[in-house]
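Structure first, commentary second.
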Amino acid sequence: MCDIQDGEEIEITICYTNAVTTKQPQLYLKQHSGSTKVPPNPQSPDVYSNPVRLAISYENKARTTVFAEKAHKLRIICTGKDGDKVQAIKCLMSYPASHEYYGLSKEWRFAKDAVPRGLNEEGSEKWLWRLE
28 MCDIQDGEEI
38 EITICYTNAV
48 TTKQPQLYLK
58 QHSGSTKVPP
68 NPQSPDVYSN
78 PVRLAISYEN
88 KARTTVFAEK
98 AHKLRIICTG
108 KDGDKVQAIK
118 CLMSYPASHE
128 YYGLSKEWRF
138 AKDAVPRGLN
148 EEGSEKWLWR
158 LE
């Protein structure tokens, strides 16, 4: 185990060459940042950034919208309504196709209105994180 001193800069890298199933990264994200009960701290506003970008890049407007809504709520809690990136996230909620990463792949393509209705919280989270 490595001791990192307070204030020390570190670099975290991710290996993109190791083939893993789609479920493994999703489970990791869900376990480490998928809770809607994230306590406000300086890193909290960005907890949904990667899921938003991933959903956008796969042209999945439905999941992009849901993740952007979660990111928007969390950003307001952490930075206030006039905080950094609040308006940009709000724009993604309404216009997911406006992001530069939109449509890099069409593998998970879903229309914005394809969010399932009538699911309980557990069912909604399973759909959102593609755990079904």
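Using the working numbering, the letters of the sequence shown correspond one by one to residues 28 to 159.
Ideal placement from N, C-alpha and C gives every residue a C-beta, glycine not left out.
For clarity, every value in this text was computed on a predicted model and none was experimentally measured.
- Asparagine 87 has Phe137 as its beta-bridge partners, per DSSP.
- The beta strand (DSSP E) runs lying completely inside the segment 81-132 and spanning 3 residues or more number zero.
- The three-state secondary structure of tryptophan 154, taken from DSSP, is helix.
- Look at proline 143 here: in three-state DSSP terms it is coil, with no helix or strand label.
- For a cut-off of 8 angstroms, the C-beta gap from tyrosine 128 to serine 84 is around 4 angstroms, short enough to register as a contact.
- When rounded, the separation of the alpha-carbon atoms in glutamate 149 and leucine 131 is 29 angstroms.
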